[in-house]
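Accompanying notes for the structure given below.
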Amino acid sequence: MKKIIVTYDGSEPAKRAVEGAKSLQGCFDCDVVLYSIVEDISTGFASHIKTDSDSRYMAESRQQQKDQLDKIYSWLKAVADAFPNPDKVVTRVEMGQIGPQIVEHAEKEGCDCIVVGSRDIGAFKKLFKGSVSEYVASKAKCSVYIVRDI
9 MKKIIVTYDG
19 SEPAKRAVEG
29 AKSLQGCFDC
39 DVVLYSIVED
49 ISTGFASHIK
59 TDSDSRYMAE
69 SRQQQKDQLD
79 KIYSWLKAVA
89 DAFPNPDKVV
99 TRVEMGQIGP
109 QIVEHAEKEG
119 CDCIVVGSRD
129 IGAFKKLFKG
139 SVSEYVASKA
149 KCSVYIVRDI
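Counting the sequence shown from 1 gives a position; the numbering used here is that position plus 8.
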């Protein structure tokens with residue numbers, strides 16, 4: 009294993025995924041892409057903008073997302089420094105739809121394995137929102153390591 013990607017959003021499942029990625033790096037001395045995605049709130053919304061207040065709302069939302077991105081970079085730096093070999097960890101933050109972004113970025117980076125956490129979101133939420141880990145496992149072209157809460 010030469011390169012892995014692990015997603016991080018500060019949640020407990022993401023923290024478990026990072027611990028799994030640390031173990032993999034400790035065993036294989038692989039490169040790590042520490043990846044975070046901010047869901048793009050404007051997806052599908054731009055075509056519905058009708059008034060100046062809608063435009064102002066979008067501008068404010070974009071600024072909030074930028075502030076969130078800056079905060080996430082700080083988190084990722086601290087998380088990256090805790091890896092066995094932090095010099096082999098790079099951080100990436102992007103906006104988009106979480107599941108598809110993970111799969112696309114892993115392929116673009118040439119990763120051998122995607123590490124994701126898993127949470128029990130319940131059948132109702134899974135029906136309407138879906139599970140990121142299930143999406144990634146079904147769509148990825150590389151191996152997927154799903155770290156579960158035991």
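Think of the CB as a built atom: it goes at the ideal place given N, C-alpha and C, for glycine as much as any other residue. Only a predicted model underlies this, so the values are computations on that prediction, with no experimental measurement involved.
DSSP state of Asp-17 mapped onto helix, strand, coil: Within the sequence shown, residue 17 is the residue found at index 9, counting from 1. When DSSP states are grouped into helix, strand and coil, Asp-17 belongs to the coil group.
Kindly list the residues whose CB is nearer than 6 Å to the CB of Ile-80, restricted to its own chain and excluding five residues on each side of it in sequence; keep chain order. Taking the first residue of the sequence shown as position 1, residue 80 is located at position 72. Ser-44, Val-101.
Any idea if Ala-148 is buried or exposed, counting beta-carbon neighbours within 10 angstroms, 16 or more meaning buried? Stepping through the sequence shown from its first residue, residue 148 is reached at position 140. Ala-148 should be labelled buried.
At least three beta-carbon pairs within less than 8 Å, the region 95-112 to the region 31-43: Taking a contact to require three or more Cβ pairs closer than 8 Å, the region 95-112 and the region 31-43 qualify as touching.
Based on the DSSP output, what are the partners of Leu-42 in its beta bridges? The residue labelled residue 42 in the question sits at position 34 within the sequence shown. Checking the DSSP bridge columns, you'll see Leu-42 partnered with Val-14, Thr-99.
Answer yes or no: do Ala-25 and Val-155 have a C-beta to C-beta separation smaller than 8 Å? Residue numbering aside, residue 25 sits at position 17 when the sequence shown is read from its first letter. Residue numbering aside, residue 155 sits at position 147 when the sequence shown is read from its first letter. Taking 8 Å as the Cβ cut-off, Ala-25 and Val-155 qualify as a contacting pair.
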